[in-house]
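Undergrad: Using this note's numbering, the letters of the sequence shown correspond one by one to residues 497 to 862.
The structure's right below; bear with me while I get my questions together.
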Amino acid sequence: MSEKKTGLASYENVDGDYLEKRSLKKSAGWVLLWALGVGAVISGDYGGWNIGLKSGGFGGLAIATVLMAIMYVCMVFSIAELSAALPHAGGFYSFTRNALGPTGGFICGLTDTIEYVITPAVIVFFIGGYLGSILPDVPKEAWWSGFYVVFVGINILGVKLTLRAGLVVTLVAFLVLVVFYISVLTTGSFEAERLLNIPDANGEKGYFLPFGWNGIFVALPFAIWFYLAIEQLPLAAEESHDVVRDMPKALIWGIITLLGLSIFTLVLNTGVEGGAAVIGASEAPLADGFKAVFKDGITSTSFNLIAVTGLVASFYMIIYAYGRVLFALSRAGYFPRWLSKTSRFHTPHRALIIGALVGLGSLFLL
């Protein structure tokens, strides 16, 4: 095996057997890829975005959302072209390595690893909290472990099963949002003046920008929740049937879907009873939105299950993402090479398990 030193990294020539043991299976068309991208993001429509109301008011968050939408549309068109030209499982790591060399690629890959390994742990923490309120006798650690075991297990059993199950989970989360939008519009629960009921510094209501132009910038980190994580989609490039055709199509339809959801969620969820002032302080804005529409017609258990739906979709899809990032970096030699060996199902089972152990470990330690 020959070796070539380049900067802080070294390149090795590997034989066919090395790559054969680290091969993925082409199983995804554009619809499954669409579900992978949208599913990773959709929990942002269930919560997180609303904190921007408290920080910037409706106007501040609305303008911030437009700015984030423009940024993500531009990024999606960029990575649609890049993923077709460089169809590798590393996604952004692969793009960066080709542009900036092995050291730049490693830095990008390392930051991606941290993001995708820690994010599911954060999501499952909240899942445990919601389900713990329904079944308080079950410890939260059991919920954490159970969700990791089930969804990592599905990911290990094959990419086709993974993405088909992901399509179902994503569609359920999507339909919950659609039901909410229709319910708000058909029951007369929406009132436009509620969008502007956050008082300004003088205690007066009705202003589009109650915190001034500064509120736009403060709201930016919360506006990104509507779109954050669709950029993981190029990680599936090696598992796409026709990456040149399917990946751009999935990315474009994915961002179109997310743009629509962000508009309806921002306006309709904010305009229910209580308005921006109440929704901005809510820990579960969608569940509180349903409560405002249906009053006592839905139990608290139903509210919690509604809130969990989107979280489960994103938790499941981001597990897929960290598995592919760890796999790609290991196959390239940045991480231990044994981590990238694939199972008989052609899935990176070792990477998926190690990522789950790190995520769970962080929960138990913190």
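The beta carbon of each residue, even a glycine, is placed where N, CA and C say it ideally should be.
Here the structure is a predicted model, which is why all the values come from computation and not from measurement.
In chain order, what residues of the same chain have a beta carbon less than 7 Å from the beta carbon of Lys550, not counting five sequence neighbours either side?
TA: Gly776, Ala777
Undergrad: So Pro832 packs on Ala733, CB below 8 Å; how close in whole Å?
TA: Not really, about 23 Å apart at Cβ, beyond 8 Å.
Undergrad: Taking 9 Å as the cut-off, decide whether the C-beta atoms of Ala847 and Ala715 are in contact.
TA: no
Undergrad: Can you tell which of Phe647, Ile694, Ser579, Ala595 has its C-alpha closest to the C-alpha of Ala809?
TA: Phe647
Undergrad: Quick check: what's the CA-CA separation for Val634 versus Trp834?
TA: If I take the Cα positions, the gap works out to 36 Å.
Undergrad: Please name the residue in Leu563, Met571, Tyr703 whose C-alpha comes closest to that of Ile726.
TA: Met571
Undergrad: Buried or exposed, going by whether 16 or more other CB atoms sit within 10 Å of the CB of His845?
TA: buried
Undergrad: Can you name the residues that DSSP bridges to Ala524?
TA: Ser736
Undergrad: Exposed or buried, what is Leu859 when buried is set at 16 or more other beta-carbons lying within 10 Å of its beta-carbon?
TA: Around the CB of Leu859, 16 or more other CB atoms lie within 10 Å, so the residue is classed as buried.
Undergrad: Specify whether the region 751 to 767 and the region 580 to 600 touch according to this definition: at least 3 beta carbon pairs, one from each stretch, less than 8 Å apart.
TA: no
Undergrad: Which runs of the alpha helix (DSSP H) fall wholly inside the region 596 to 620 and span at least 4 residues, in chain order?
TA: none
Undergrad: What whole-angstrom Cβ distance do Ala580 and Val739 have, given they're in contact under 8 Å?
TA: 6 Å
Undergrad: My understanding is that Pro706 touches Gly553, with C-beta atoms under 8 Å, so please give their C-beta distance in whole angstroms.
TA: The Cβ separation is near 4 Å, so the contact holds.
Undergrad: For my contact list, Pro781 and Asn546 are in at a C-beta cut-off of 8 Å; report their separation, rounded to the angstrom.
TA: 4 Å
Undergrad: Leaving out five residues on either side along the sequence, give the residues of the same chain with a beta carbon under 7 Å from the beta carbon of Leu754.
TA: Val534, Val537, Phe722, Tyr723, Ile726
Undergrad: Skipping 5 residues on each side, what residues in its chain have a beta carbon closer than 8 Å to that of Ser523?
TA: Excluding residues within five positions, the ones whose Cβ falls inside 8 Å are Gly654, Val655, Lys656, Leu659, Glu735, His737.
Undergrad: Of the residues Gly819, Glu779, Val854, Ile678, which one's Cα is nearest the Cα of Val789?
TA: Minimum Cα distance to Val789 is reached at Ile678.
Undergrad: Quick check: what's the CA-CA separation for Phe602 versus Ser836?
TA: 16 Å
Undergrad: Shortest alpha-carbon distance to Leu529 belongs to which of Ile748, Trp639, Glu769, Val618?
TA: Ile748
Undergrad: Is Leu627 close to the ligand GTP? I mean its beta-carbon at under 8 Å from any heavy atom of the ligand.
TA: As presented, the structure is devoid of all ligands, the ligand GTP included, so that no description of it is given.
Undergrad: From what residue to what residue does the alpha helix (DSSP H) around Trp639 run?
TA: 636 to 652
Undergrad: Give the DSSP-derived three-state secondary structure of Leu549 in the structure shown.
TA: Three-state DSSP puts Leu549 in a helix.
Undergrad: Could you tell me which uninterrupted beta strand (DSSP E) segments, each at least 3 residues in length, are contained entirely in the region 738 to 791, listed from first to last along the chain?
TA: none
Undergrad: Would you mind giving the Cβ-Cβ distance between Gly544 and Ile712, rounded to the nearest angstrom? I have them listed as a contact below 8 Å.
TA: Contact doesn't hold; Cβ gap of about 18 Å is too wide.
Undergrad: Whose C-alpha, out of Gln728, Val774, Ala773, Thr838, is nearest the C-alpha of Thr609?
TA: Gln728
Undergrad: Taking all protein chains shown into account, do 16 or more other C-beta atoms lie within 10 angstroms of the C-beta of Arg741, making it buried, or fewer, making it exposed?
TA: exposed
Undergrad: Excluding five sequence neighbours on each side, which residues of the same chain lie with their C-beta closer than 6 Å to the C-beta of Thr666?
TA: Ala531, Val534, Gly535, Ala809
Undergrad: First and last residue of the alpha helix (DSSP H) that includes Ser858?
TA: 845 to 861
Undergrad: So what does DSSP say about Met497, is it helix, strand or coil?
TA: Since pLDDT at Met497 reaches only 49, below the 50 mark, its modelled position is unreliable, and no value is offered.
Undergrad: Per DSSP, what kind of secondary structure is Lys701 in: helix, strand or coil?
TA: coil
Undergrad: Provide the residue span of the alpha helix (DSSP H) that contains Thr666, from first to last.
TA: 655 to 682
Undergrad: Under 9 Å between the Cβ atoms of Phe643 and Gly624?
TA: yes
Undergrad: Closer than 8 Å is the cut-off here; do at least three beta carbon pairs connect the region 811 to 828 with the region 613 to 623?
TA: yes
Undergrad: Assign Arg840 to buried or exposed, taking buried as 16 or more other Cβ atoms, counted over all protein chains shown, within 10 Å of its Cβ.
TA: Exposed.
Undergrad: Mind checking whether Leu681 and Ala772 have CB atoms under 9 Å apart?
TA: no
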